[in-house]
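So in UniProt numbering, spot 33 of the sequence shown is number 33, and the numbers just go up one at a time. The block underneath contains the structure these notes are about, expressed in structure tokens.
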Amino acid sequence: MSKKTLDSRGSVKFVNHRIEKAGLRFKYYHCHCVDMPQKRKISDLFPTSWSFFIFVLYMLLFINQGILVTASQNTNHQGYSYNTIIAVLLTEVIKLWVSAGIFIQRNSVAVFVGELRQNSKVLFLYFIPAGLYCLYNNLAFMNLVNFDPTTYFLLLQFRVVVTGIVFQMLFQKRLSKYQWISLIFLTIGCMIKELKLGWLLLDPDSLVVENLQKSVGNEKISEISGGATVASAADKVQKLGFLDNPMGVVLILLQVLCSSFAGVYNEFLLKRPTSASQKQLPILIQNVCLYIDSIICNLGLLVFRNNLSVLTDFSAMKTILTTPITLAVVLNNAAIGIVTSFFLAQLNSILKTFASALELMFTAILCWLIFDIPIHLNTAVAIFIVTLAIWLYSKEPVHNPATTSNHGHASKKEEDDMQKMLNEEMEV
């Protein structure tokens, strides 16, 4: 055999070896594509013009809500002059009416009823986020009584990191180093924002009373505590440090889990097939399911508290509907609920945590300008850290499009079809 023939065979073997290695690398990457995050451009933060519009609208509505709620409080921002329970139920009814009304206007009553009948499974699935949101609100009251406000709000910021963990579990997507670091910085920034200068020098009883008044109001405290005042309700509770109150820590962690899991699971339902036809349901129909379940859960809570009589308080309903500022609170809150569903469908739960952090910062600035509420050094430091977190996240944003596959891999056609449906629903 000639030397030339041996060289050619060796070359062929070498080439085959390279091809085989390349094939193994491709196979490894293909099998582990979920675990290997791809680097994305900053434009992937907002894939479409609608997604950027929804992001900005989401923040504006939440900022507006903070200002409206502050303006609707009594003198010295202590409590509310309207029934907050009725306000919450009225908000859910308005969201249900708007979502159902828009869908019926575009289609018909027959199509609307048919969608609900064919997808009754979805109605039951949405009891999970609806129940978690309801439990979250109830736990908020319990935890605000047991802890001083600084401890409460500091511990609550861990929902940012928990959201990342739940997101990985439900969508089977591993967050990258940049994404985790940005979430940790975001958590630190939000915690610093909640620190109050000189809070250790304040009386813990006065902190609890002040926080209860600002968070739920004298009227709601009286309803829940059987007619007791805010001060007397606070007097009944022995306030402990969080290390001395393990059960209280468990309740706060449960509240954090409720908030994080409800948000991510809501996104999961919006982006994964839940119907028998393996097609994405219209967002408005999914909203109707969520709002029906939310109303049922809130009514169930009233029954549990033996407080159904609040529904017959027509004077309280009239106060909300005839007072411009309280009506604005209800309508703005309803708009937030509807926009949030489109936010989760167009974007993702991770970016939603960043939007919420930005909303906190902008609200602090606007409340200083409008209500002369001072901005402390901790707020300025928090704004800097949150800005750093956003910059880190923008280097490698999460990409989580909707798909008709239960495995989470969306084809280009699926992404385009889903985006077309979202654009049609956004054109109200």
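Quick reminder that beta carbons are idealized off the backbone N, C-alpha and C, glycines included.
Q.
Out of Leu299, Thr323, Thr322, which one is the CA nearest neighbour of Thr312?
A. Leu299
Three or more beta-carbon pairs under 8 angstroms between the region 376 to 390 and the region 356 to 363, yes or no? yes
Q: Whole angstroms is fine: what's the gap from His376's alpha carbon to Leu281's?
A: 46 angstroms
Margin query: According to DSSP, is Tyr126 part of a helix, a strand, or is it coil?
Written below: coil
Spatial neighbours of Val69 within its chain, please: C-beta separation below 7 angstroms, excluding the five flanking residues on both sides. Val329
request  = Quick one: which unbroken alpha helix (DSSP H) runs of 4-plus residues sit fully inside the region 278 to 305? Chain order, please.
outcome  = 283 to 304
On the DSSP bridge assignment, give the partners of Tyr80 in chain order.
Gln73
Which runs of the alpha helix (DSSP H) fall wholly inside the region 323 to 387 and span at least 4 residues, in chain order?
-> 324 to 346, 349 to 371
Practice prompt. Between the Cα of Asn64 and those of Leu155, Ala345, Met361, spot the shortest distance and give me the residue it belongs to.
Written response: Met361
Cβ-Cβ separation, Val166 to Ser260 (assumed contact under 8 angstroms), whole Å
5 angstroms
*Beta-carbon gap between Leu132 and Cys258 smaller than 8 angstroms*: yes
- Task: Within the same chain, show all residues whose beta-carbon is closer than 6 angstroms to that of Leu170, passing over the 5 residues directly before and after it, in chain order.
- Result: Val264, Phe268
query = Count the other CB atoms within 10 Å of the CB of Gln172; is the residue buried (16 or more) or exposed (fewer)?
reply = exposed
*What are the boundary residues of the alpha helix (DSSP H) that Phe112 is part of?*
109 to 118
| field | Sequence-distant residues of its chain with Cβ nearer than 7 angstroms to Lys395 (five each side left out) | value | Tyr178
Assign Gln255 to buried or exposed, taking buried as 16 or more other Cβ atoms, counted over all protein chains shown, within 10 Å of its Cβ. buried
Practice task
Would you tell me roughly how many angstroms separate the C-alpha atoms of Glu194 and Val56, rounded to the nearest one?
Solution key: 23 angstroms
Could you pull the start and end residues of the alpha helix (DSSP H) that Pro246 belongs to?
-> 246 to 271
> When we look at the beta-carbon of Pro401 and count the other beta-carbons within 10 Å, is it buried (16 or more) or exposed?
Replying inline: buried
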